[in-house]
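Participant: Number 93 in UniProt numbering belongs to position 93 of the sequence shown; there are no gaps in the numbering.
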Amino acid sequence: MGLTSTNPVFEGWRLLYKQTCKAFQTQSSLFPFCYCWESTAHSATMAKDMTLFWGSGSPPCWRVMIALEEKNLQGYNSKMLSFEKGEHKSKEVAAINPRGQLPAFKHGDVVLNESYGACIYLEEQFKSQGNKLAPDNKAESALMYQRMFEGLTLFQKLAQSLFYTRFVPENERHDSAQKRNTEELKAEVKLWEGYLQKTGPYLAGKSFTLADVIVFPVIAFLFRFGLNEEHFPKLAAYYNTVKDRPSIKNSWPPTWKDTPGQNALKDF
Numbered sequence: 001m002g003l004t005s006t007n008p009v010f011e012g013w014r015l016l017y018k019q020t021c022k023a024f025q026t027q028s029s030l031f032p033f034c035y036c037w038e039s040t041a042h043s044a045t046m047a048k049d050m051t052l053f054w055g056s057g058s059p060p061c062w063r064v065m066i067a068l069e070e071k072n073l074q075g076y077n078s079k080m081l082s083f084e085k086g087e088h089k090s091k092e093v094a095a096i097n098p099r100g101q102l103p104a105f106k107h108g109d110v111v112l113n114e115s116y117g118a119c120i121y122l123e124e125q126f127k128s129q130g131n132k133l134a135p136d137n138k139a140e141s142a143l144m145y146q147r148m149f150e151g152l153t154l155f156q157k158l159a160q161s162l163f164y165t166r167f168v169p170e171n172e173r174h175d176s177a178q179k180r181n182t183e184e185l186k187a188e189v190k191l192w193e194g195y196l197q198k199t200g201p202y203l204a205g206k207s208f209t210l211a212d213v214i215v216f217p218v219i220a221f222l223f224r225f226g227l228n229e230e231h232f233p234k235l236a237a238y239y240n241t242v243k244d245r246p247s248i249k250n251s252w253p254p255t256w257k258d259t260p261g262q263n264a265l266k267d268f
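#1: Where does Glu-92 land, buried or exposed, given buried means 16+ other C-beta within 10 angstroms?
#2: So is Arg-99 buried or exposed if we call it buried at 16+ other beta carbons inside 10 Å?
#3: Pull up the CB-CB distance for Gly-205 and Lys-266, whole angstroms please, since I reckon it's below 8 Å.
#4: Do Leu-102 and Gly-55 have their CB atoms nearer than 8 Å?
#5: With a threshold of 16 other CB atoms inside 10 Å of the CB of Glu-188, please say whether the residue is buried or exposed.
#6: Over what stretch of residues does the beta strand (DSSP E) that includes Ala-104 continue unbroken?
#7: Shortest alpha-carbon distance to Lys-140 belongs to which of Glu-230, Glu-170, Gly-200, Phe-53?
#8: If I follow the unbroken beta strand (DSSP E) through Asn-77, where does it start and stop?
#9: Note down, one range per segment and in chain order, each beta strand (DSSP E) of at least 3 residues found wholly within the UniProt domain "GST C-terminal" (137 to 261).
#10: Is there contact here, the stretch 75 to 85 with the stretch 126 to 137, by at least three beta-carbon pairs under 8 Å?
#11: Looking only at its chain, what residues have a beta carbon closer than 7 Å to the beta carbon of Met-144, apart from the 5 residues adjacent to it on each side?
#12: For the candidate residues Val-111, Ser-90, Ile-219, Ala-118, whose alpha-carbon lies nearest to that of Leu-154?
#13: In this structure, how does DSSP classify Leu-265 when only helix, strand and coil are distinguished?
#14: Can you give me the start and stop residues for the beta strand (DSSP E) that Gly-55 sits inside?
#15: Considering just the uninterrupted stretch of the alpha helix (DSSP H) at Leu-112, what are its terminal residues?
#16: Between which residues of its own chain and Ser-161 is the CB-CB distance below 6 Å, once the five residues before and five after are set aside?
#17: Does DSSP put Ser-128 in a helix, a strand or coil?
#18: Could you check the C-alpha separation between Val-213 and Gln-262 for me, to the nearest Å?
#19: Check whether the Cβ of Phe-268 sits closer than 7 Å to any heavy atom of the ligand SAM, and report yes or no.
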């Protein structure tokens with residue numbers, strides 16, 4: 001989206017910015033303030049052209065919201081829908097995402113419904129805005145991508161274990177399958193505990209990256225379902241540190257704020 005004179009919102013901010021800087025041109029200490037002012041207007045303008053349909057507590061939805069926060073793109077058109085009421089199957093969502101799934105994200109004429117793709121897109125399109133989420137170092141970048149896509153396996157094993165009874169018809173369930181799913185999730189969680197032991201404090205090293213944007217919601221889901229902090233101290237330390245990050249706090253699932261977690265994983 002170009003920043004042209006056809007955009008009245010941005011033009012108004014820019015005019016005010018220029019007048020302010022001109023008035024105080026001999027006071028160099030005010031120039032950072034003026035620059036911040038223009039940057040804020042730029043962010044607000046860009047965000048207004050974005051729409052996100054999302055559901056509370058969904059890791060795929062949450063990671064896109066975190067990415068938007070990290071890139072200072074607050075003010076986008078945010079539309080929270082209820083999975084329980086089937087609102088994600090509405091015609092409005094289907095117009096963006098024919099699968100009837102969330103998230104459904106649109107930026108101008110660009111549509112991205114895969115959360116990984118949306119997060120990568122936001123970092124690539126707004127590299128110089130907000131927080132840098134992709135390292136320049138080749139080795140650090142490789143580790144970031146490795147952890148990002150390993151997050152798919154973590155989420156898959158979590159879903160297979162926690163939601164076995166929800167997604168598998170009663171006459172097709174087997175105790176042996178549920179036990180196997182539980183053991184596979186335990187092994188996967190231990191793997192991530194080991195990763196943080198070796199490369200912490202973040203998932204891909206010393207900096208917060210797209211790997212954290214994408215995988216943190218899954219780790220938060222584990223603790224929401226009672227993962228024992230004493231058994232996984234590195235994961236617990238990571239979770240308790242990152243959850244206080246502004247982008248996480250500002251996008252915390254609203255349905256989690258007023259309801260207690262569960263204890264399905266307390267014996268892990």
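Here a beta-carbon is modelled for each residue, glycine too, at the ideal position from N, C-alpha and C.
Facilitator: Looking at the coordinates:
#1: exposed
#2: exposed
#3: The Cβ separation is near 31 Å, so there is no contact.
#4: yes
#5: buried
#6: 104 to 107
#7: At residue 140 the sequence reads Glu, which differs from the Lys that was named. Closest by alpha carbon: Gly-200.
#8: 77 to 81
#9: none
#10: no
#11: Ala-134, Pro-135, Ala-204, Thr-209, Leu-210, Ala-211
#12: Ile-219
#13: coil
#14: 50 to 55
#15: Careful: Leu-112 lies outside any alpha helix (DSSP H), inside the beta strand (DSSP E) at 110 to 112.
#16: Asn-181, Thr-182, Leu-185
#17: coil
#18: 23 Å
#19: The model depicted lacks the ligand SAM and carries no ligand whatsoever.
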